[in-house]
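Participant: In the UniProt record's numbering, the protein residues as written are 1 to 536.
Built from N, CA and C at the ideal position, the CB exists for glycine as well.
#1: What beta strand (DSSP E) runs, 3 residues minimum, are completely inside the UniProt domain "AMP-binding enzyme C-terminal" (436 to 511)?
#2: Counting Cβ pairs closer than 8 Å, one from the region 347 to 361 and one from the region 370 to 379, do we hit at least three?
#3: Quick one: what does DSSP say residue 86 is sitting in, helix, strand or coil?
#4: In chain order, what residues of the same chain have a beta carbon less than 6 Å from the beta carbon of residue 241, not counting five sequence neighbours either side?
#5: Pull up the CB-CB distance for residue 371 and residue 343, whole angstroms please, since I reckon it's below 8 Å.
#6: Cα separation between residue 535 and residue 419?
#7: How is residue 9 classed by DSSP in three states: helix, strand or coil?
#8: Just reading off the alpha helix (DSSP H) that residue 522 is part of, what are its end residues?
#9: Can the beta-carbon of residue 230 be found less than 8 Å from the beta-carbon of residue 207?
#10: Spatial neighbours of residue 15 within its chain, please: CB distance less than 7 Å, with the 5 preceding and 5 following residues excluded, ordered by chain position.
#11: Between residue 129 and residue 106, how many whole angstroms is the CB-CB distance? I'm expecting something under 8 Å.
#12: Just verifying my parser: in three-state terms, what is the DSSP assignment at residue 353?
#13: Counting only beta-carbon separations shorter than 8 Å, does residue 294 have a partner in chain B?
#14: Using the Cα positions of residue 485 and residue 133, report the straight-line distance between them to the nearest angstrom.
#15: Between residue 247 and residue 286, what straight-line distance do the alpha-carbon atoms span, to the nearest angstrom?
#16: DSSP three-state label for residue 296, please.
#17: Taking the alpha-carbon of residue 202 as reference, which of 151, 57, 323, 477 has the nearest alpha-carbon?
#18: So, with DSSP's three-state summary, where would you put residue 327?
#19: From the DSSP output, in three-state form, read off residue 136 for me.
#20: Is the distance from the Cβ of residue 99 to the Cβ of residue 172 below 8 Å?
#21: Apart from the five residues on each side of it in sequence, which residues of its chain come closer than 6 Å, Cβ to Cβ, to residue 383?
#22: In chain order, which continuous runs of the alpha helix (DSSP H) of length 4 or greater are located wholly inside the region 353 to 439?
#23: Starting from the N-terminal side, write out each stretch of the alpha helix (DSSP H) that is 4 residues or longer and does not extend beyond the region 172 to 197.
#24: Can you give me the start and stop residues for the alpha helix (DSSP H) that residue 273 sits inside?
#25: Would you mind sorting residue 237 into buried or exposed? The rule is 16 or more other CB atoms within 10 Å of its CB.
#26: Can you tell me the Cα-Cα spacing of residue 52 and residue 6, whole angstroms?
#27: Using three-state DSSP, classify residue 122 as helix, strand or coil.
#28: Do you know offhand how far residue 530's Cα is from residue 457's?
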């Protein structure tokens, strides 16, 4: 028997087994919905979309923070066979214009607080036929979501016939140069990714998941799927500030949160100053991004009492393919070594084949030193880029997704990301990982955030330059930071210059945008000879 893997299965299961259990808590509005009530709203949404002429394969876009309305959008859209196009809430109007026109989106749902981002360009939309506004303030001319939704019945929706290889999500990557690319993820991609994640993250019906990671960011790493499938409770949070995160954790007995390292860093800083309660004893914090130093992990686990899980992935692989959670085969290792392993990107999750290869496609030695490109083969790897065959062919070669990330693999099978290809610093012929240098800087108690880029050097070609955010009330000098990095690293890896800033530029998911730092450096150093290999 061959049963198609369709994402609507997950909500169906939750309704059958957990109908009267709390499905969603709206932390900001104080609303609580059972799975039966959530299902009713999803059916209303599907009926409403059909009334607008939305058919199988049509694209429906969402510009929204982590709200109930965003969560129910996934399932309401999938019942019609349409494609969800989540939009990053930190883009510029011209970016939305490109994405909405390129995706040929038919309907746009937008949060009232974000409506100003599309107002300047909405007259240039080529395919959007209707804009519907969540939390309508009564003043905009666009349609109110609540009023519109109330017109339609809660009765079961006659679903479109969907195949597992049909596209479910069209996700636009935030490119550093040129226009963003639309990643096509199918129902099968997202479904099998969810099955793997619910195993590795130990998702159960006793879980309460706090949506800190944006749902627009690769479908919130698929959290709307695997937490729903298990009848867990979703807590929606519109703005992820440290004080509101702690409040939600303590108010709702949260057991799991996913976030970027920068968000976790802000929680540590808030803890230092305010000493809030830290929630349940079994709270799991799942992090993806630059690998943190071991000292960072020790603070999370020893001071806050949270379990730290590092993961790795990219939009093109649904996204997660590696995890660092401890294995029984590593239990005999010294505690310090186990912590160092947890700081790495990790080992492959079920259903993923992840390797580190040289320029000839051959695996590098498992010595933790030899560097190669990380490549992935899995059920989660994308169908391709929407209307971009050239980019698809470049990313998917010889049956593998080429990530562009450089890394090593150790004797235990743990992969460590050393850098993006373009972020490797080549100084005097030696490769330097900006991530390694950043990790050393984070060891200083007065450094809150650090990002390292390559800058030109007359003798060495390139050297590391650090952008640093200091803890409030401290006063490190540039030389202090340089000396500290030299005490922690081989001298050729140490920073040769420092720029102090109030904050680092980040994406909506918390990822540091080094392209802006490079642009800032060149703007402030006009006339400095370029090395020729600098790219944005």
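Facilitator: Inspection of the coordinates gives the following:
#1: Here the runs fully enclosed are 447 to 457, 461 to 470, 497 to 500.
#2: Contact between the region 347 to 361 and the region 370 to 379 is present: three or more C-beta pairs spanning the two stretches fall below 8 Å.
#3: Of the three classes helix, strand and coil, the one that applies to residue 86 here is strand, per DSSP.
#4: Contacts found: none.
#5: In fact, because the Cβ distance is near 17 Å, the residues do not count as touching under 8 Å.
#6: Bear in mind that the predicted position of residue 535 carries a pLDDT of just 34, short of 50, making it unreliable; the figure below should be weighed with that in mind. Rounded to whole angstroms, the separation of the alpha carbons of residue 419 and residue 535 is 14 Å.
#7: In the structure shown, residue 9 sits in a helix (DSSP, three-state: H, G or I).
#8: Start and end: 514 to 524.
#9: It is a contact, given that the beta carbons lie within the stated cut-off.
#10: Within the same chain, residue 15 has close Cβ partners 35, 36, 39.
#11: Between residue 129 and residue 106 a beta carbon distance of about 6 Å is seen, short of the 8 Å cut, so the two are scored as contacting.
#12: Correct three-state label for residue 353: strand.
#13: Going by chain labels, chain B is absent from the structure shown, which holds only one protein chain.
#14: Approximately 50 Å between the Cα atoms of the pair.
#15: Here the C-alpha atom of residue 247 lies approximately 19 Å from the C-alpha atom of residue 286.
#16: When secondary structure is reduced to three states using DSSP, residue 296 falls in the helix class.
#17: The shortest C-alpha separation from residue 202 is found at 323.
#18: In this structure, DSSP gives residue 327 a state outside helix and strand, which the three-state scheme calls coil.
#19: In this structure, DSSP gives residue 136 a state outside helix and strand, which the three-state scheme calls coil.
#20: Yes, the pair counts as a contact, with Cβ atoms nearer than the cut-off.
#21: Contacts found: 184, 186.
#22: Listed in chain order, they are 389 to 395.
#23: For the region 172 to 197, not a single whole alpha helix (DSSP H) run of length 4 or above is found.
#24: Segment 261 to 274, the alpha helix (DSSP H) holding residue 273.
#25: Residue 237 should be labelled buried.
#26: If I take the Cα positions, the gap works out to 23 Å.
#27: Three-state DSSP puts residue 122 in a helix.
#28: Residue placement at residue 530 is flagged as unreliable, the pLDDT there being 38, under the threshold of 50; a coordinate-derived value is accordingly withheld.
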